[in-house]
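Novice: Residue numbers (this note's numbering): 13 to 485. No residue lacks a Cβ here, since even glycine has one placed at the ideal position from N, Cα and C.
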């Protein structure tokens with residue numbers, strides 16, 4: 013394994029939970045449970061494995077599969093290969109049910125010395141047997157929580173994992189939730205050896221902060237050199253990661269994948285997505301969009317102002333998947349027949365235009381993370397504003413709440429080009445159009461975000477560049 017980078021906050025949280033178990037050892041119900049969720053290939057399993065190896069206590073790490081015919085056999089084998097105090101109770105024994113397996117696991121655990129038990133890909137188990145959730149809850153309440161055990165339940169189905177701890181579900185108030193995000197632009201920069209904050213954002217847009225994608229980037233290569241190398245190898249992580257995610261998320265929903273492809277190619281409105289997907293009927297399109305939203309693959313975003321809007325846009329939430337759907341997915345055949353050079357040429361031609369849109373949600377997240385910002389009113393929500401005709405269209409709106417705000421804090425423009433700064437003409441255009449945003453006025457503070465500086469001298473309250481934004485992480 014390569015060097016483990018980042019995730020310090022998550023490692024500290026896991027270590028703190030284990031410390032609480034150690035402090036409570038010998039008391040009634042010292043056990044603790046953590047429900048971990050995050051996108052596929054975001055590094056959840058690597059993080060948990062790293063924690064287990066560093067914790068210095070016995071652990072069992074079991075990963076469920078989509079087949080599951082011999083799952084209880086595999087679980088027994090994992091326990092026997094672990095360092096559990098009484099693991100021999102599984103010797104020659106294959107439990108026939110998860111109820112029996114968890115009861116036997118409890119007898120294998122030490123009563124005082126802490127142990128970590130990991131159940132990875134838990135949603136696969138629920139898909140096969142919806143009663144498994146109640147089985148785990150019963151055995152947790154009856155025997156496992158009486159042990160000095162840290163039970164870590166991991167899953168990539170974000171909606172399902174999020175629902176586990178809701179009212180009426182078996183794990184309600186039994187587990188602490190932990191969300192594992194992709195690596196931040198700053199962490200991405202460390203792995204790919206980016207030489208500037210601007211390059212770090214470029215790397216983040218095409219790798220999505222996924223550890224496998226980042227780790228594949230050879231030290232010392234520029235973005236275009238890395239892309240040339242990755243596109244020449246059809247099995248590179250940059251090529252295959254998205255396809256594997258989509259195959260796992262949508263094994264049978266071909267229509268949802270088709271709709272996603274249209275959103276990834278740049279269509280954002282309901283009507284345009286439907287037409288691009290072959291003239292889908294409204295009901296069918298709604299079903300596909302609902303599937304994509306529930307899986308957190310896309311987000312439905314509304315204009316931010318003090319007025320309710322009926323003009324939502326749809327966007328792919330993951331930067332890497334957004335990149336893949338636009339540049340790679342439609343051209344896999346070319347890559348497979350050794351013509352990655354054609355795909356690269358297309359990227360070089362369209363990169364600046366695509367990047368200008370793709371960077372916007374990253375910039376808005378950075379501004380939210382930086383809040384409160386000196387010189388600006390506080391803003392808990394940062395979005396954009398548009399109308400059906402895109403007149404006006406404002407890149408940045410900061411507000412107190414959303415999607416319907418009580419107060420507009422500031423408005424701004426983004427110009428993310430390699431050589432052109434934001435000029436006074438750009439700022440004048442912002443001044444002219446911002447008054448058309450419901451809730452904004454002549455006195456609304458204005459900001460500018462640029463990859464290549466700002467030459468405007470008047471009307472701006474604050475200007476941001478890549479070095480400013482990356483400090484949000």
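DSSP three-state call for residue 44: helix, strand or coil?
Specialist: strand
Novice: Taking its Cβ as the centre, do 16 or more other Cβ atoms sit within 10 Å of residue 27, making it buried, or is it exposed?
Specialist: Residue 27 comes out exposed.
Novice: Quick one: what does DSSP say residue 50 is sitting in, helix, strand or coil?
Specialist: Taken through DSSP and simplified to helix, strand or coil, residue 50 comes out as coil.
Novice: Starting from residue 63, trace the alpha helix (DSSP H) both ways and give me its first and last residue.
Specialist: Element bounds for residue 63: 56-67.
Novice: Would the beta-carbon of residue 378 fall within 8 angstroms of that of residue 52?
Specialist: no
Novice: Who does residue 325 pair with in a DSSP beta bridge?
Specialist: 313
Novice: Sort 86, 333, 30 and 257 by Cα distance to residue 277 and report the nearest one.
Specialist: 333
Novice: Tell me, please, which residues DSSP counts as bridged to residue 462.
Specialist: 427
Novice: Would you kindly check if the distance between the Cβ of residue 355 and the Cβ of residue 348 is under 8 angstroms?
Specialist: no
Novice: Does DSSP classify residue 5 as helix, strand or coil?
Specialist: The question about residue 5 has no answer here: the residues shown for the chain are numbered 13 through 485.
Novice: Is it right to say residue 391 is buried, meaning 16 or more other beta carbons lie within 10 angstroms of its own, or is it exposed?
Specialist: buried
Novice: Rounded to the nearest angstrom, what separates residue 358 and residue 339 at their Cα positions?
Specialist: 8 angstroms
Novice: In whole angstroms, what separates the C-alpha of residue 432 from that of residue 464?
Specialist: 6 angstroms
Novice: Rounded to the nearest angstrom, what separates residue 454 and residue 446 at their Cα positions?
Specialist: Approximately 8 angstroms between the Cα atoms of the pair.
Novice: Excluding five sequence neighbours on each side, which residues of the same chain lie with their C-beta closer than 7 angstroms to the C-beta of residue 268?
Specialist: 262, 300, 303 and 304
Novice: Would you report the Cα separation of residue 146 and residue 255, rounded to the nearest angstrom?
Specialist: 33 angstroms
Novice: Please classify residue 449 as buried or exposed, where buried requires at least 16 other C-beta atoms within 10 Å of its C-beta.
Specialist: Counting Cβ neighbours within 10 Å, residue 449 comes out buried, since at least 16 surround it.
Novice: State the beta-bridge partners of residue 132 as determined by DSSP.
Specialist: Partner(s): 75.
Novice: Let me check understanding here. Comparing Cα to Cα, which of 311, 32 and 314 lies closest to residue 41?
Specialist: 32
Novice: Assign residue 414 to buried or exposed, taking buried as 16 or more other Cβ atoms, counted over all protein chains shown, within 10 Å of its Cβ.
Specialist: buried
Novice: With 16 other CB atoms within 10 Å as the buried threshold, where does residue 236 fall?
Specialist: exposed
Novice: Which residues does DSSP list as the beta-bridge partners of residue 190?
Specialist: 48
Novice: Helix, strand or coil, according to DSSP, for residue 91 in the structure here?
Specialist: In the displayed model, residue 91 falls within a helix according to three-state DSSP.
Novice: Relative to the C-alpha of residue 428, which candidate in 397, 366 and 395 has its C-alpha closest?
Specialist: Comparing Cα positions, the closest option is 366.
Novice: Hey, does residue 64 have any beta-carbon neighbour from chain B nearer than 8 angstroms?
Specialist: Of the chains in the structure shown, none is chain B; there is only one protein chain.
Novice: Going by other Cβ atoms of all chains shown within 10 Å of its Cβ, with 16 needed for buried, is residue 179 buried or exposed?
Specialist: Residue 179 is exposed by the Cβ-count criterion.
Novice: Assess, as a yes-or-no matter, whether the segment 116-132 is touched by the segment 71-78 under the definition of 3 or more beta carbon pairs within less than 8 angstroms.
Specialist: yes
Novice: Can you tell me whether residue 225 is buried or exposed, with buried defined as 16 or more other CB within 10 angstroms of its CB?
Specialist: The residue in question, residue 225, is buried, as its Cβ has 16 or more Cβ neighbours within 10 Å.
Novice: Sorted by chain position, which residues of the same chain lie with C-beta nearer than 6 angstroms to residue 97's C-beta, five sequence neighbours on each side aside?
Specialist: 122
Novice: Quick one, are the C-beta atoms of residue 209 and residue 482 less than 8 angstroms apart?
Specialist: yes
Novice: Verify whether the separation of the beta carbon atoms of residue 423 and residue 406 is less than 8 angstroms.
Specialist: yes
Novice: Using a threshold of 8 angstroms, state whether the C-beta atoms of residue 215 and residue 206 are closer than that.
Specialist: yes
Novice: Check each candidate in 273, 297, 270 and 246 and name the one with the smallest Cα separation from residue 282.
Specialist: Looking from the CA of residue 282, the closest CA among 273, 297, 270 and 246 belongs to 297.
Novice: Can you tell me which of the three DSSP states residue 442 falls into?
Specialist: helix
Novice: Can you tell me whether residue 13 is helix, strand or coil according to DSSP?
Specialist: Low local confidence applies: a pLDDT of 47 at residue 13 is under 50, so the model's placement there is unreliable, with the coordinate-based value given in what follows. Coil at residue 13, not helix or strand.
Novice: Need the endpoints of the alpha helix (DSSP H) that residue 385 sits in, please.
Specialist: No alpha helix (DSSP H) contains residue 385, which DSSP labels as neither H nor E.
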